[in-house]
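>
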Amino acid sequence: MSETTPVEITSGQIPTIANGYRLQFESAQDTWVLLYPEGMVKLNPSAAEILQRCDGQTSVDDIVAKLETAFETTGLTKDVHSFLSIACEQHWISLS
Amino acid sequence: MSSPMLQHGLATDPKATRPGPPLWLLAELTYRCPLHCAFCFNPVDFARQSDELDTEGWISTLQQARALGSVQCGFSGGEPMLRNDLETLVGEANRLGFYTNLLTTGVGLNEKRARALKDNGLDHIQLSFQDSTREMNDFLSNTRTFDLKNKVASLIKDHDWPMVLNCVIHKMNIDHIDKIIEMALELGAETLELANTQYYSWAVVNRDHLLPSKAQLDKAEEVTNEYRERYGDRLRIIFVVPDYYENRPKKCMNGWGNVFLTIAPDGTALPCHTARMLPGAAFPKVTEHSIESIWYGSEGFNRYRGKDWMKEPCRSCPEADNDLGGCRCQAFMLTGDPAAADPVCDKSPDRGVVDTAIEQAQSTQTSIVGDQPLIFRDPKESLRLTEPAE
Ligand code: SF4
Ligand code: SF4
Numbered sequence: 000m001s002e003t004t005p006v007e008i009t010s011g012q013i014p015t016i017a018n019g020y021r022l023q024f025e026s027a028q029d030t031w032v033l034l035y036p037e038g039m040v041k042l043n044p045s046a047a048e049i050l051q052r053c054d055g056q057t058s059v060d061d062i063v064a065k066l067e068t069a070f071e072t073t074g075l076t077k078d079v080h081s082f083l084s085i086a087c088e089q090h091w092i093s094l095s
Numbered sequence: 000m001s002s003p004m005l006q007h008g009l010a011t012d013p014k015a016t017r018p019g020p021p022l023w024l025l026a027e028l029t030y031r032c033p034l035h036c037a038f039c040f041n042p043v044d045f046a047r048q049s050d051e052l053d054t055e056g057w058i059s060t061l062q063q064a065r066a067l068g069s070v071q072c073g074f075s076g077g078e079p080m081l082r083n084d085l086e087t088l089v090g091e092a093n094r095l096g097f098y099t100n101l102l103t104t105g106v107g108l109n110e111k112r113a114r115a116l117k118d119n120g121l122d123h124i125q126l127s128f129q130d131s132t133r134e135m136n137d138f139l140s141n142t143r144t145f146d147l148k149n150k151v152a153s154l155i156k157d158h159d160w161p162m163v164l165n166c167v168i169h170k171m172n173i174d175h176i177d178k179i180i181e182m183a184l185e186l187g188a189e190t191l192e193l194a195n196t197q198y199y200s201w202a203v204v205n206r207d208h209l210l211p212s213k214a215q216l217d218k219a220e221e222v223t224n225e226y227r228e229r230y231g232d233r234l235r236i237i238f239v240v241p242d243y244y245e246n247r248p249k250k251c252m253n254g255w256g257n258v259f260l261t262i263a264p265d266g267t268a269l270p271c272h273t274a275r276m277l278p279g280a281a282f283p284k285v286t287e288h289s290i291e292s293i294w295y296g297s298e299g300f301n302r303y304r305g306k307d308w309m310k311e312p313c314r315s316c317p318e319a320d321n322d323l324g325g326c327r328c329q330a331f332m333l334t335g336d337p338a339a340a341d342p343v344c345d346k347s348p349d350r351g352v353v354d355t356a357i358e359q360a361q362s363t364q365t366s367i368v369g370d371q372p373l374i375f376r377d378p379k380e381s382l383r384l385t386e387p388a389e
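If you read the protein sequences in the order shown, they are chains A and B.
In terms of numbering that gives the first Met the number 0, the first sequence opens at residue 0 and continues consecutively.
In terms of numbering that gives the first Met the number 0, the second sequence opens at residue 0 and continues consecutively.
#1: As an exercise, report each continuous beta strand (DSSP E) stretch of at least 3 residues that is fully enclosed by the segment 227 to 261 of chain B, in chain order.
#2: Output yes if chain D places a C-beta closer than 8 angstroms to the C-beta of B:Asn-100; else output no.
#3: Where does B:Arg-350 sit, in a helix, a strand or coil, going by DSSP?
#4: If we define contact as Cβ-Cβ less than 8 angstroms, is A:Pro-36 a contact residue for chain B?
#5: Go to B:Gln-197, then tell me how far its alpha helix (DSSP H) extends in each direction, as first and last residue.
#6: Assuming B:Phe-38 and B:Ala-202 are in contact, meaning their beta carbons sit under 8 angstroms apart, how far apart are those beta carbons, in whole angstroms?
#7: Would the C-beta of B:Gly-324 count as close to ligand 2, meaning under 7 angstroms from any of its heavy atoms?
#8: B:Leu-108 to B:Gly-73, Cα distance in whole Å?
#9: Under the criterion of a Cβ to heavy atom distance below 7 angstroms, does B:Phe-282 qualify as lining ligand 1?
#10: Considering only heavy atoms of ligand 2, does any lie closer than 7 angstroms to the CB of B:Glu-245?
#11: Quick one: measure Cβ to Cβ for B:Pro-278 and B:Pro-337, integer angstroms, because I've assumed they're closer than 8 angstroms.
#12: Mark B:Glu-393 as exposed unless 16 or more other C-beta atoms lie within 10 angstroms of its C-beta, in which case mark it buried.
#13: Are the C-beta atoms of B:Leu-210 and some chain A residue less than 8 angstroms apart?
#14: Anyone know if the C-beta pair for B:Asn-93 and B:Gly-120 falls short of 8 angstroms?
#15: If contacts are defined as beta-carbon pairs under 8 angstroms, then B:Thr-385 and B:Asp-177 qualify, I think. What distance do you get, rounded to the angstrom?
#16: Might you give, ordered along the chain, the residues of its own chain that have their beta carbon closer than 8 angstroms to the beta carbon of B:His-123, omitting 5 neighbours on each side?
#17: In whole angstroms, what is the alpha-carbon distance linking B:Pro-42 and B:Tyr-244?
#18: Could you tell me which of A:Ile-49, A:Val-32, A:Ala-47, A:Ile-85 sits nearest to A:Lys-41, measuring between CA atoms?
#19: Quickly, what does DSSP pair A:Leu-34 with across the bridge? List them, please.
#20: Tell me whether B:Cys-344 counts as near ligand 3, meaning its Cβ is closer than 7 angstroms to at least one heavy atom of that ligand.
#21: Check whether chain A comes within 8 angstroms of B:His-272, counting only Cβ atoms and requiring the distance to be less than that.
#22: Is B:Leu-22 close to chain A? Criterion is C-beta to C-beta, closer than 8 angstroms.
#23: When the Cα atoms are used, what is the spatial distance from B:Ile-237 to B:Ala-115?
#24: With 16 other CB atoms within 10 Å as the buried threshold, where does B:Asn-257 fall?
#25: Hey, would you say the C-beta of A:Arg-52 is under 7 angstroms away from at least one heavy atom of ligand 1?
#26: What do you reckon, is the C-beta of B:Ala-339 under 7 angstroms from a heavy atom of ligand 2?
#27: Tell me which residues share the same chain as B:Pro-33 and place their Cβ nearer than 7 angstroms to its Cβ, disregarding the 5 neighbours each side in the sequence.
#28: At a cut-off of 7 angstroms, is B:His-208 close to ligand 1 when judged by its beta-carbon and the heavy atoms of the ligand?
#29: Would B:Gly-231 and A:Gln-28 be called neighbours here (beta carbons separated by less than 8 angstroms)?
#30: For the beta strand (DSSP E) containing B:His-123, name the first residue and the last one.
#31: Who are the neighbours of B:Gly-296 on chain A, taking C-beta pairs under 9 angstroms?
#32: Below 7 angstroms, is the gap between the Cβ of B:Cys-328 and the nearest heavy atom of ligand 2?
#33: Beta-carbon separation of B:Pro-312 and B:Gly-299 under 8 angstroms?
#34: Does ligand 1 have a heavy atom nearer than 7 angstroms to the CB of B:Gly-107?
#35: If you measure from the CB of B:Pro-248, is any heavy atom of ligand 2 nearer than 7 angstroms?
#36: For my contact list, A:Ala-17 and A:His-80 are in at a C-beta cut-off of 8 angstroms; report their separation, rounded to the angstrom.
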């Protein structure tokens with residue numbers, strides 16, 4: 000992990016997949032991947048669920064709400080915030 | 000343009016028994032190139048291999064590779080802009096779901112073609128920033144080079160592509176690494192890859208001119224770190240050291256036949272772009288075999304896959320999984336045996352050949368190199384250097 004302080008995520012921010020990055024499902028690998036110039040990361044299922052909702056329209060709060068509805072659960076705020084913070088550090092997403 | 004950047008970025012499961020898919024497809028569309036780099040990655044005998052797959056041949060290659068699970072596609076060369084079906088091929092690759100990368104010197108990239116590439120879904124351009132003139136020593140101050148890069152850099156920005164610059168580093172430009180970084184900043188690059196020359200093909204012919212001294216290398220890394228600190232996220236700088244200065248080899252191509260599939264201009268399928276130099280049976284061609292049979296079944300792709308082919312010291316080495324014995328081409332070039340340990344490794348009995356090259360590199364002057372002048376890649380030199388013995 001890098002030594003920089005983690006990016007602070009606030010509930011009203013709107014995350015988008017960063018320019019040059021592409022999220023897609025790869026059937027040969029049976030997994031969601033994030034593609035970027037000359038590279039690829041395989042995503043675990045929860046990362047994929049969050050990133051699929053980073054559409055540039057939905058706020059962090061709404062992403063949490065949508066996930067909680069989809070998975071019939073509550074209390075996802077912390078997990079979503081900490082993942083988005085990492086995603087931001089990795090330049091996978093940008094926040095507006 | 001060929002890039003050492005292709006060597007990182009994708010990982011696979013080392014415990015899998017059947018090799019995974021060829022995640023990375025490198026389509027070397029042509030060996031033709033308007034430039035004459037003295038470190039060119041193309042085979043020294045490129046002028047004897049002028050056949051090129053036609054559009055249909057490339058499209059079929061893209062389709063088959065994608066069906067097997069390839070996901071990154073690099074269009075390189077030579078200079079891929081010299082193919083006037085580039086836009087068509089990019090469009091097909093994009094439609095198939097590839098992430099498409101174009102590796103170019105920028106020569107031939109104008110507004111019209113940039114627009115067409117964008118419209119066809121090109122995801123990324125890696126602009127290589129090199130000695131585009133024969134006046135290699137002046138290239139940093141050569142305004143024509145800079146103007147060209149500047150023009151291409153603004154095309155890249157205007158079309159919203161991420162801007163990745165690649166500059167091959169060697170003895171003659173390494174002392175100006177600050178100027179190179181400044182230039183990248185001025186052009187608005189987001190990523191700058193400072194890739195020390197890797198010694199294959201033309202770079203081997205010119206090695207004594209190109210391999211920097213340890214002092215030069217240390218200084219360059221120091222300067223690079225200063226810039227990293229100063230500019231932080233504004234410019235991501237990747238610094239690739241020449242592996243001669245390491246004591247363990249690189250895990251070449253992430254393993255033979257593991258993730259990389261290179262298709263040479265004439266349709267020959269290769270585990271890496273220099274593998275054709277190796278002795279043994281010829282590698283299969285996509286015009287004669289399916290990509291699936293080439294990747295999983297051909298002798299060429301299985302020859303150095305995994306670890307079964309290894310000899311000592313690699314065979315019993317506890318670190319064998321880390322580097323898989325290093326690079327087969329380097330082992331062959333430096334020891335004559337493609338199954339030897341890569342002599343960059345300090346456990347290799349042949350490490351001495353690397354040390355000798357390093358010793359010769361410690362002088363800061365290139366003039367002591369002696370009789371052999373720097374040889375620029377061009378078709379005439381290619382034919383001369385590879386003249387068959389009488
Ligand atoms: S001459 Fe230079 S630009 Fe052309 S293919 Fe070789 S390395 Fe790339
Ligand atoms: S001996 Fe072979 S396997 Fe072991 S570190 Fe050296 S090159 Fe790698």
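From the three backbone atoms N, C-alpha and C, an ideal C-beta is built for every residue, glycine too.
For this structure:
#1: The beta strand (DSSP E) runs lying completely inside the segment 227 to 261 of chain B and spanning 3 residues or more are 235 to 239, given in chain order.
#2: As a matter of chain content, chain D is missing from the structure shown, whose protein chains are A and B.
#3: Of the three classes helix, strand and coil, the one that applies to B:Arg-350 here is helix, per DSSP.
#4: It does: the Cβ of A:Pro-36 has a partner Cβ on chain B nearer than 8 angstroms.
#5: Careful: B:Gln-197 lies outside any alpha helix (DSSP H) and carries neither H nor E.
#6: The pair is a contact, with the Cβ atoms about 4 angstroms apart (cut-off 8 angstroms).
#7: For ligand 2, at least one heavy atom lies less than 7 angstroms from the Cβ of B:Gly-324.
#8: Going from the Cα of B:Leu-108 to the Cα of B:Gly-73 covers about 17 angstroms.
#9: Distances taken from the Cβ of B:Phe-282 to the heavy atoms of ligand 1 include none shorter than 7 angstroms.
#10: Checking the Cβ of B:Glu-245 against ligand 2 gives no.
#11: The C-beta distance from B:Pro-278 to B:Pro-337 rounds to 7 angstroms, short enough to meet the 8 angstroms contact threshold.
#12: Because chain B spans 0 through 389 in this model, residue 393 of chain B falls outside it and cannot be assessed.
#13: Cβ-Cβ to chain A under 8 angstroms: no for B:Leu-210.
#14: Closer than 8 angstroms, so yes.
#15: Not quite, the Cβ-Cβ distance comes to about 38 angstroms (not below 8 angstroms), so this is no contact.
#16: The answer, listed in chain order, is Tyr-98, Thr-99, Asn-100, Leu-101, Trp-160, Pro-161, Val-163.
#17: Taking the straight line joining both Cα atoms gives about 24 angstroms.
#18: Relative to the Cα of A:Lys-41, the nearest Cα in the group A:Ile-49, A:Val-32, A:Ala-47, A:Ile-85 belongs to A:Val-32.
#19: Residue pairing by DSSP places A:Leu-34 opposite A:Arg-21, A:Met-39 in a beta bridge.
#20: With respect to small molecules bound, the structure shown includes ligand 1 and ligand 2 and not ligand 3.
#21: So, not an interface residue.
#22: It does: the Cβ of B:Leu-22 has a partner Cβ on chain A nearer than 8 angstroms.
#23: Those two C-alpha atoms are separated by around 30 angstroms.
#24: By the Cβ-count criterion, B:Asn-257 is buried, with 16 or more other Cβ atoms from all chains shown falling within 10 Å of its own Cβ.
#25: Flag unset: Cβ of A:Arg-52 not near ligand 1.
#26: For ligand 2, not one heavy atom lies less than 7 angstroms from the Cβ of B:Ala-339.
#27: The answer, listed in chain order, is Glu-78, Val-106.
#28: With a cut-off of 7 angstroms, the C-beta of B:His-208 is classified as distant from ligand 1, since no heavy atom of the ligand falls inside that distance.
#29: Against a cut-off of 8 angstroms, the Cβ pair of A:Gln-28 and B:Gly-231 comes out as no contact.
#30: Per DSSP, the continuous beta strand (DSSP E) segment holding B:His-123 begins and ends at 123 to 127.
#31: The premise fails here: B:Gly-296 is roughly 18 angstroms from chain A at the closest Cβ pair, so nothing lies under 9 angstroms.
#32: Ligand 2 never approaches B:Cys-328 closely enough for any of its heavy atoms to be under 7 angstroms from the residue's Cβ.
#33: For B:Pro-312 and B:Gly-299, no; Cβs fall outside 8 angstroms.
#34: No, since every heavy atom of ligand 1 falls outside the 7 angstroms radius drawn around the Cβ of B:Gly-107.
#35: The answer is yes for B:Pro-248.
#36: Their Cβ separation, rounded to whole angstroms, is 18 angstroms, which puts A:Ala-17 and A:His-80 out of contact at 8 angstroms.
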